[in-house]
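What follows is a single structure, written as structure tokens, with notes after it.
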Amino acid sequence: MNTIEQAQQLKTIADMLERTRYNIRSNSIFYLIWGWLVLLSVLIEYILLTQFNSPYHFMVWIISMPLAGVSSSLAGRKHRLKQKHTTLMDTVMKFLWIGITMGIFFSLAFSNVIGWTHSYVLIILFYGIGTFVSGGVLKFKPLTIGGILSIVLSFVIAFIPDLHKSFENVLLLLALSVTMSYLIPGYMLRSKVSLDV
Amino acid sequence: MFEPLDPLLHNQLRLQIMSLLIGIENAEFGFLLDETGSTRGNLSVQLNKLKEAGYIEIEKGYKGNYPNTKCSISAVGRNAFSAYFEALKSYKP
Numbered sequence: 001m002n003t004i005e006q007a008q009q010l011k012t013i014a015d016m017l018e019r020t021r022y023n024i025r026s027n028s029i030f031y032l033i034w035g036w037l038v039l040l041s042v043l044i045e046y047i048l049l050t051q052f053n054s055p056y057h058f059m060v061w062i063i064s065m066p067l068a069g070v071s072s073s074l075a076g077r078k079h080r081l082k083q084k085h086t087t088l089m090d091t092v093m094k095f096l097w098i099g100i101t102m103g104i105f106f107s108l109a110f111s112n113v114i115g116w117t118h119s120y121v122l123i124i125l126f127y128g129i130g131t132f133v134s135g136g137v138l139k140f141k142p143l144t145i146g147g148i149l150s151i152v153l154s155f156v157i158a159f160i161p162d163l164h165k166s167f168e169n170v171l172l173l174l175a176l177s178v179t180m181s182y183l184i185p186g187y188m189l190r191s192k193v194s195l196d197v
Numbered sequence: 198m199f200e201p202l203d204p205l206l207h208n209q210l211r212l213q214i215m216s217l218l219i220g221i222e223n224a225e226f227g228f229l230l231d232e233t234g235s236t237r238g239n240l241s242v243q244l245n246k247l248k249e250a251g252y253i254e255i256e257k258g259y260k261g262n263y264p265n266t267k268c269s270i271s272a273v274g275r276n277a278f279s280a281y282f283e284a285l286k287s288y289k290p
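Those protein sequence lines, which keep their order, are chains A and B.
Read in this note's numbering, the first sequence has 133 at position 133, and its numbers run on one by one without any break.
Read in this note's numbering, the second sequence has 247 at position 50, and its numbers run on one by one without any break.
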């Protein structure tokens, strides 16, 4: 085997590896779906609570969360039909967010036991962890920063009594958190021309 | 001292296939076809050779309503690729 042939074989390996990079832009749709639906739900709940003093303020979640679930499943199905290969990162992201979603549903399901405020603290903590881990493994700083801010926010709400005594404040902070960790990174991901891992 | 090179991997198309599969969980036949620039017939033949050697696994199923073939690298294939890559480096001038 000569040097040229050896270099050719190494180049083939490098070229092929380059073609299997994970395209993180494909994730942006999921951040935008969940980001907008959570933000709208929070704002609607806030209005129901403060303007109408409705005891059924939480009902908005019963509509919006299944809607987010169905929308992201449809987006995922469309993505899978287009995608012709699966990377390890796809699998990592899939299981991470399935786990986070289970945690969020658990927090909502037990809200009558732990109270709405603590339930929302857990939700902010869960998706903060999700975006922090995603940002770390995908090497995308806006997600990492958004995740850290949400985790910090969940601690702030949990440990500052003046904040967590007012559920309206918690709702506004949840809106802030979802904007920082879903919407801003989601739009930044979308605007990237080429951002692969 | 030059290490012996695995003859099964010392073929341009088979090396392309293995290099594509080494970094991912699985790939569809269409993906391998697009990325290698091979013909369907030649790709099928080379995939079968790799499968017979136990280097890859081929799973036939459906995607939507259409037949779909997925390929993934096996543990044997991963070791063989790693050994080939190390042997290749021993040929460095």
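Cβ coordinates follow ideal geometry from the N, Cα and C atoms, glycine included.
Reduced DSSP category for residue i - H, G, I as helix; E, B as strand; rest coil
i: Ile160/A; result: coil
i: Pro204/B; result: coil
i: Ala68/A; result: helix
i: Ala280/B; result: helix
i: Gly136/A; result: helix
i: Ser181/A; result: helix
i: Gly130/A; result: helix
i: His85/A; result: strand
i: Pro264/B; result: strand
i: Tyr46/A; result: helix
i: Gly234/B; result: coil
i: Asn53/A; result: coil
i: Ser41/A; result: helix
i: Ser269/B; result: strand
i: Tyr31/A; result: helix
Cβ-Cβ distance between residue i and residue j below 8 Å
i: Leu285/B; j: Gln9/A; result: yes
i: Ser216/B; j: Met93/A; result: no
i: Ile33/A; j: Ala68/A; result: yes
i: Leu183/A; j: Gly35/A; result: yes
i: Phe278/B; j: Leu202/B; result: no
i: Leu143/A; j: Gly135/A; result: yes
With 16 other Cβ atoms within 10 Å as the buried cut-off, status of residue i
i: Gln51/A; result: exposed
i: Ser154/A; result: buried
i: Thr233/B; result: buried
i: Glu283/B; result: exposed
Whole-Å CB distance - residue i paired with residue j, under 8 Å assumed
i: Val38/A; j: Val178/A; result: 5 Å
i: Thr20/A; j: Ile214/B; result: About 12 Å; that fails the 8 Å criterion.
i: Leu189/A; j: Arg77/A; result: No, Leu189/A and Arg77/A are not in contact; Cβ-Cβ is about 20 Å, not under 8 Å.
i: Leu174/A; j: Val42/A; result: 5 Å
i: Leu212/B; j: Ile13/A; result: 7 Å
i: Ile157/A; j: Val133/A; result: With a Cβ gap of about 21 Å, Ile157/A and Val133/A do not count as contacting.
Partners in chain E for residue i, counting only beta-carbon separations shorter than 8 Å
i: Lys84/A; result: Within the model displayed, chain E is absent; protein chains A and B are what it includes.
Taking three-plus beta-carbon pairs below 8 Å as touching, is the segment 123–139 of chain A in contact with the segment 91–104 of chain A? The answer is yes - the segment 91–104 of chain A touches the segment 123–139 of chain A, with three or more Cβ pairs under 8 Å.
Counting Cβ pairs closer than 8 Å, one from the segment 267–278 of chain B and one from the segment 246–257 of chain B, do we hit at least three? yes
Take every Cβ of the segment 107–116 of chain A, pair it with every Cβ of the segment 76–90 of chain A, and state whether three or more of those distances are shorter than 8 Å. no
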